[in-house]
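Chemist: For what it's worth, this note's numbering labels the leading residue of the sequence shown as 2, then goes sequentially.
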Amino acid sequence: MRLPPFERFVRGLQMAGVLILGMIIGAIIYNSIFIARFEALISLKSELEVKLEQYEQDMKNLNEFKNQHTVIKSLLPRIEKEAGQDSKRPRLDKVTEAELIKRIKADLKIFIGRSIYEIDSDASLARSLLEQKVYLDVYNKDYTIEMKTVLVVDNVLQLWVEVRGYTKPPA
Numbered sequence: 002m003r004l005p006p007f008e009r010f011v012r013g014l015q016m017a018g019v020l021i022l023g024m025i026i027g028a029i030i031y032n033s034i035f036i037a038r039f040e041a042l043i044s045l046k047s048e049l050e051v052k053l054e055q056y057e058q059d060m061k062n063l064n065e066f067k068n069q070h071t072v073i074k075s076l077l078p079r080i081e082k083e084a085g086q087d088s089k090r091p092r093l094d095k096v097t098e099a100e101l102i103k104r105i106k107a108d109l110k111i112f113i114g115r116s117i118y119e120i121d122s123d124a125s126l127a128r129s130l131l132e133q134k135v136y137l138d139v140y141n142k143d144y145t146i147e148m149k150t151v152l153v154v155d156n157v158l159q160l161w162v163e164v165r166g167y168t169k170p171p172a
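1. Pick out the complete beta strand (DSSP E) segments inside the region 93-139, 3 residues or longer, and give them in chain order.
2. Output the distance between the C-alpha atoms of arginine 38 and isoleucine 111, rounded to the nearest integer angstrom.
3. Starting from methionine 16, follow the alpha helix (DSSP H) in both directions and report where the run begins and ends.
4. Which term fits glutamate 98, buried or exposed, when burial requires 16 or more other beta carbons within 10 angstroms of its beta carbon?
5. Within a Cβ cutoff of 8 Å, which residues of the same chain sit near tyrosine 140, ignoring the five residues on either side of it in sequence?
6. If we call anything under 9 Å between Cβ atoms a contact, is leucine 158 one with serine 75?
7. In whole angstroms, give me the CA-to-CA distance for tyrosine 136 and threonine 168.
8. Mind the definition here: the region 7-15 touches the region 54-65 only if three or more C-beta pairs lie below 8 Å; say whether that holds.
9. Going by Cα to Cα distance, which pick from Met16, Lys103, Pro5, Glu40 is closest to glutamate 50?
10. Would DSSP call glutamate 81 helix, strand or coil?
11. Between which residues of its own chain and lysine 52 is the CB-CB distance below 7 Å, once the five residues before and five after are set aside?
12. In terms of residues, what are the limits of the beta strand (DSSP E) holding isoleucine 146?
13. Starting from the Cα of glutamate 163, find the closest Cα among Leu42, Glu132, Asp155, Ile113 and give me that residue.
14. Report the option in Arg115, Ile43, Ile30, Lys142 whose CA atom is closest to the CA atom of glutamate 65.
15. Please return the same chain residues whose Cβ sits closer than 7 Å to the Cβ of threonine 150, not counting the five positions on each side in sequence.
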């Protein structure tokens with residue numbers, strides 16, 4: 002049995018290998034660009050959902066309290082970004098951050114409609130509500146928050162919270 006001389010096909014096989022390798026590398030690059038753009042789209046969607054919910058809530062509260070000029074009409078919780086490298090402070094994506102803000106607003110909605118001049122009597126209530134509050138199962142992770150600053154400006158209760166990862170204490 003005689004074997005065909007493969008020296009004639011070496012150059013063609015090399016070209017086919019380079020072509021297939023280029024196709025694979027191109028597919029990898031295209032997929033990574035697609036994933037990055039999709040993640041940016043998801044992030045933008047969650048930000049817009051949070052803003053839409055905030056605007057709808059503000060419109061409802063402004064219509065409800067339009068004749069009362071000294072009451073808290075809306076809440077604006079903000080999550081502090083990490084300044085240093087703290088191992089207890091996780092990096093939050095926009096979706097998780099939006100869910101935490103939604104839960105904080107739900108806990109503090111009792112302040113809407115209260116007088117801004119009596120906020121000092123309610124500060125202890127807010128602090129007891131949010132002091133080392135644990136939010137369980139936020140996208141399969143647990144977080145604890147701590148209120149840092151509370152400020153009332155233009156009938157908007159603004160508060161800054163610090164988010165940390167929560168580990169369950171041993172039983």
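Every residue gets a Cβ at the ideal spot worked out from N, C-alpha and C, and that includes glycine.
Modeler: On the basis of the data shown:
1. Secondary structure within the region 93-139: the beta strand (DSSP E) runs of 3 or more consecutive residues, fully enclosed, are 134-136 (chain order).
2. Arginine 38 and isoleucine 111: Cα-Cα distance of roughly 39 Å.
3. Note, methionine 16: alpha helix (DSSP H), 11-65.
4. Of the other Cβ atoms in all chains shown, 16 or more fall within 10 Å of the Cβ of glutamate 98; this residue is therefore buried.
5. Val96, Thr97, Glu100.
6. Cβ distance < 9 Å, so leucine 158 and serine 75 count as in contact.
7. For tyrosine 136 and threonine 168, the distance between alpha carbons rounds to 11 Å.
8. Contact annotation: the region 7-15 does not touch the region 54-65, with fewer than three C-beta pairs closer than 8 Å.
9. Comparing Cα-Cα distances from glutamate 50 to each of Met16, Lys103, Pro5, Glu40, the minimum goes to Lys103.
10. Look at glutamate 81 here: in three-state DSSP terms it is coil, with no helix or strand label.
11. Result list for lysine 52: empty, nothing under 7 Å.
12. Looking at the DSSP string, the run of the beta strand (DSSP E) that includes isoleucine 146 is 144-154.
13. Nearest option by C-alpha distance: Glu132.
14. That would be Arg115, whose Cα lies nearest to the Cα of glutamate 65.
15. Within the same chain, threonine 150 has close Cβ partners Leu160, Trp161.
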